[in-house]
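Residue numbers (my numbering), protein chains in the order written: chain A, 1 to 162; chain B, 163 to 494.
Cβ coordinates follow ideal geometry from the N, Cα and C atoms, glycine included.
This report refers to the structure that appears directly beneath it.
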Amino acid sequence: MVMSGDAESVEAQVGRVAFGDFYRLELDTQVRRAVLLLGSNDIANDVVHDAFVAVYRRWDTLDEPGPYLHTAVLNGCRGIHRQRSRQRRLLPRFVDRTASATVDEHLDDLLAGLPFNQRAAVVLRFYGGLSTEEIARELGCAAGSVGPWINRALATMRKALQ
Amino acid sequence: MTELEQQLTDHLQRRAAAATPRYDLEGIEQHTDLTSLVDLDHRRPRRPMVRTIVGVAAVVALLALVGAFTLLNDDQTVDTTPVTEVPVLPEPPSDDGPRTLATGDDVTAGELGEFTGRTLNIDAVEQDSEVTGEFRVNNVVVTIQCADSAYGGRDLILGGTVTDDPDGQGLVVSAGQGLVTDPQGGLEAAVGDLVALIIRNQGRVTLYHPSLWYGEQASEHTGSCTEFVESVPGGLDSGFFQTVTAGEIETSPLPGTPTCEEWTERDVTADDLDSGCSDGGSLAAPATYECTDGRVLYETRRLWGYVGEPAHTREDGAEIYAPDAEHEACGV
Chain A
1 MVMSGDAESV EAQVGRVAFG DFYRLELDTQ VRRAVLLLGS NDIANDVVHD AFVAVYRRWD
61 TLDEPGPYLH TAVLNGCRGI HRQRSRQRRL LPRFVDRTAS ATVDEHLDDL LAGLPFNQRA
121 AVVLRFYGGL STEEIARELG CAAGSVGPWI NRALATMRKA LQ
Chain B
163 MTELEQQLTD HLQRRAAAAT PRYDLEGIEQ HTDLTSLVDL DHRRPRRPMV RTIVGVAAVV
223 ALLALVGAFT LLNDDQTVDT TPVTEVPVLP EPPSDDGPRT LATGDDVTAG ELGEFTGRTL
283 NIDAVEQDSE VTGEFRVNNV VVTIQCADSA YGGRDLILGG TVTDDPDGQG LVVSAGQGLV
343 TDPQGGLEAA VGDLVALIIR NQGRVTLYHP SLWYGEQASE HTGSCTEFVE SVPGGLDSGF
403 FQTVTAGEIE TSPLPGTPTC EEWTERDVTA DDLDSGCSDG GSLAAPATYE CTDGRVLYET
463 RRLWGYVGEP AHTREDGAEI YAPDAEHEAC GV
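Here is the structure:
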């Protein structure tokens with residue numbers, strides 16, 4: 001005879017195993033993408049960790065944890081970006097490395113200066129290889145917005161690189 | 163692919179390859195246990211009992227007054243709006259008294275992700291050009307301060323500030339899931355934030371928060387409520403929000419709104435784009451783009467075309483967008 005407590009314990013174990021698989025499957029992709037959106041390995045890991053915590057809490061009720069995780073990570077990155085924008089407005093920039101920067105550093109700076117939606121659209125297109133419609137779904141925006149965001153981002157970067 | 167695009171692709175791949183994911187599965191399980199305690203400290207304290215008692219007493223007194231007033235005025239119109247309806251009442255403005263803009267009690271959302279089963283209460287009144295009232299999503303209260311009828315009267319937009327959140331749920335706009343109250347599900351509108359409720363013809367309700375549209379610029383929004391509702395962008399019907407389909411909401415199309423099918427049979431004008439077209443169970447608000455040759459391209463999910471020409475659709479009614487070449491020529 002199986003006690004009800006034992007049965008629950010087994011179910012909980014199964015849930016944890018499934019979540020573990022999901023975690024191992026998604027962690028790498030999510031962190032790499034978050035790094036591109038935030039430019040910081042540590043903060044990206046924190047954001048992704050928080051998103052996984054949110055998924056873990058709802059693991060039993062989520063039919064599709066993948067899209068939920070994607071949205072939670074993007075929203076986390078958006079929140080960090082907004083905080084930084086406020087900080088950028090309040091704090092002077094102490095290091096101006098435009099003169100001595102490598103191309104990669106210069107591109108980092110340019111990406112960091114883009115509005116979040118533009119940066120996200122660029123990352124999803126040129127790193128993720130997503131189509132306009134897929135990007136729109138990820139960002140929860142109109143498909144018609146994606147093209148102009150990418151165009152504006154590229155125009156800004158092109159101008160700065162000239 | 164241009165040189166810059168290639169450069170960018172290579173750069174992003176290098177940066178992504180250099181990232182070092184931190185494996186911490188145990189930490190998530192432990193963190194979950196800990197934060198459930200920590201969160202309690204961060205939650206806004208529940209409304210004090212004294213305030214609750216005073217609030218209940220005030221409501222009872224108000225109801226008594228309203229009841230007495232109703233008894234004294236036999237010809238007074240009684241609101242017989244059935245539960246779970248949000249009729250937008252297009253009554254003519256009157257100088258004599260308040261005009262109900264929208265009302266609804268315990269409207270239950272249809273099947274839509276986390277919004278399923280949430281309740282919405284609305285009570286918006288206009289008098290002497292001033293809009294007052296509130297709407298609630300579950301227990302989160304938004305005090306209405308202004309309203310706007312946009313897109314030629316197709317939408318009623320109620321703007322206001324989040325004023326109370328007794329359960330600390332937050333009013334969250336979750337991309338792709340309409341309006342929800344789930345702090346982990348999306349962007350959170352906290353007490354003090356401006357939000358707008360958009361009630362569209364034919365029973366569709368959408369919550370709008372500027373951050374989803376404007377991104378980081380949202381924090382710079384310091385305008386009035388009126389400016390805020392006027393800034394609600396067009397094209398909300400073309401996929402930016404998943405609108406909530408509440409089957410019980412009773413609305414009727416405004417007179418004069420053409421069907422999208424009509425657009426395929428005649429030249430579409432710029433005025434048509436402003437008012438949109440009725441597309442089965444929804445109203446289509448086209449996105450427009452100015453093209454290099456001076457023409458204006460428009461498209462919704464189910465049609466596209468140029469101003470001055472009939473619209474293109476698919477016979478089976480499936481989604482259709484302008485071809486890539488047209489997009490490219492119009493900077494899309």
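Buried or exposed for A:M157, please, with buried defined as at least 16 other CB atoms from any protein chain shown within 10 angstroms of its CB. The residue is buried, with at least 16 neighbouring Cβ atoms inside 10 Å.
Closest Cβ-Cβ distance between B:I190 and chain A: below 8 Å? Yes, because at least one Cβ of chain A sits closer than 8 Å to the Cβ of B:I190.
Is the separation between the beta-carbon of B:A491 and that of A:G144 shorter than 8 Å? Contact: no.
Alpha carbon of A:A142 to alpha carbon of B:V430, nearest angstrom: Take the alpha-carbon of A:A142 and the one of B:V430: they are about 22 Å apart.
Which residues does DSSP list as the beta-bridge partners of B:F297? For B:F297, which the question treats as bridged, DSSP gives the partners B:I284, B:V304.
Provide the residue span of the beta strand (DSSP E) that contains B:E452, from first to last. Its beta strand (DSSP E) spans residues 449-452.
In chain order, what residues of the same chain lie with their CB nearer than 6 Å to the CB of A:N41, ignoring the 5 residues before and after it? Residues of the same chain with a CB within less than 6 Å of the CB of A:N41, apart from the 5 flanking positions on each side, are V35 in chain order.
Secondary structure at B:L465, three-state DSSP: helix, strand or coil? Looking at B:L465 - three-state DSSP - the assignment turns out to be coil, as it is neither helix nor strand.
Got a sec? Which residues, its chain only, sit under 6 Å from B:N301 by beta carbon, not counting five neighbours each side? Residues of the same chain with a CB within less than 6 Å of the CB of B:N301, apart from the 5 flanking positions on each side, are P328, D329 in chain order.
How big is the Cα-Cα spacing for B:L359 and B:G438? The straight-line gap from Cα to Cα measures roughly 19 Å.
Verify the CB distance criterion: does A:A18 have a CB-CB separation below 8 Å to chain B? Chain B contact via Cβ: absent.
Residues that DSSP places opposite B:V324 in a beta bridge: DSSP, once it has assigned bridges, lists B:V304 as partnering B:V324.
Identity of the residue in B:Y451, B:E488, B:L166 nearest A:V122 by Cα: For A:V122, the nearest C-alpha among the options comes from B:L166.
B:A480 to B:H474, Cα distance in whole Å? Near 12 Å, if we compare the C-alpha coordinates of B:H474 and B:A480.
Where does B:Y460 sit, in a helix, a strand or coil, going by DSSP? B:Y460 falls in the strand class under three-state DSSP.
At a Cβ threshold of 8 Å, is A:G147 touching chain B? Yes, A:G147 counts as interfacial toward chain B.
Please list the segments of the alpha helix (DSSP H) lying wholly inside the region 111-149 of chain A, counting only runs of 4 or more residues, in order along the chain. Whole alpha helix (DSSP H) segments, 4+ residues: 116-126, 132-139.
Local conformation of B:C422 per DSSP, three classes: In the structure shown, B:C422 sits in a helix (DSSP, three-state: H, G or I).
Neighbouring residues, chain B, relative to A:G113 (Cβ below 8 Å): Near A:G113 there are no residues of chain B at all, since even the closest Cβ is about 11 Å away, more than 8 Å.
Taking all protein chains shown into account, do 16 or more other C-beta atoms lie within 10 angstroms of the C-beta of A:R78, making it buried, or fewer, making it exposed? Taking every protein chain shown into account, the CB of A:R78 has 16 or more other CB atoms within 10 angstroms, so this residue is buried.
Could you give the DSSP three-state label for A:T156: helix, strand or coil? Correct three-state label for A:T156: helix.
Roughly how far, in whole angstroms, is the beta-carbon of B:R176 from the beta-carbon of A:N45, given that I think they are within contact range, below 8 Å? The C-beta distance from B:R176 to A:N45 rounds to 19 Å, too long to fall under 8 Å, and the pair is not in contact.
Counted within 10 angstroms of its Cβ, other Cβ atoms place A:A18 as buried (16 or more) or exposed: Looking at its Cβ environment, which holds fewer than 16 other Cβ atoms inside 10 Å, A:A18 is exposed.
Going along the chain, which residues of its own chain have a beta-carbon closer than 8 Å to the beta-carbon of A:V55, five neighbours each way excluded? Taken in chain order, the residues that qualify are F19, F22, L62, P65, Y68, L69, A72.
What would DSSP say about B:E477, mapped onto helix, strand or coil? In the structure shown, B:E477 adopts coil according to DSSP, grouped into three states.
Quick one: is B:D433 near chain A, going by C-beta distance under 8 Å? Answer no: the Cβ-Cβ gap between B:D433 and chain A never drops below 8 Å.
Tell me which residues of the region 62-74 of chain A have at least one Cβ-Cβ distance to chain B shorter than 9 Å, keeping chain order. So the list reads P67, Y68, T71, A72, L74, given in the order they occur along the chain.
Distance cutoff 8 Å, beta carbons only. Does A:L165 sit that close to anything in chain B? An answer regarding residue 165 of chain A cannot be provided, because it is not within the stretch 1 to 162 covered by chain A.
Using 10 angstroms around the beta-carbon of B:S440, count the other beta-carbons present and answer buried if the total reaches 16, otherwise exposed. Buried: at least 16 other Cβ atoms inside 10 Å.
Is B:A491 helix, strand or coil when you go by DSSP? Helix.
The region 448-462 of chain B: positions lying closer than 8 Å to chain A by Cβ: Within the region 448-462 of chain B, A449, Y451, E461 place their CB atoms closer than 8 Å to a CB of chain A, listed in sequence order.
Under 8 Å, Cβ to Cβ, is there at least one residue of chain B near A:A44? Yes, its Cβ sits closer than 8 Å to a Cβ of chain B.
If distances are taken between C-alpha atoms only, which option among B:V357, B:I361, B:T182, B:E471 comes closest to B:V269? Minimum Cα distance to B:V269 is reached at B:I361.
Under 8 Å by Cβ, that's how I've got B:L318 and B:I306 pegged, so tell me the actual separation to the nearest angstrom. So it is not a contact: roughly 11 Å between Cβ atoms.
Which one of A:Q162, A:F126, A:E138 has the shortest CA to CA distance from A:I150? Out of A:Q162, A:F126, A:E138, A:F126 has the C-alpha closest to the C-alpha of A:I150.
What residues in the region 135-162 of chain A bring their beta carbon closer than 8 Å to a beta carbon of chain B? The region 135-162 of chain A vs chain B, Cβ under 8 Å: A136, R137, L139, G140, C141, A142, A143, G144, S145, G147, P148, N151, L154, M157, R158, L161.
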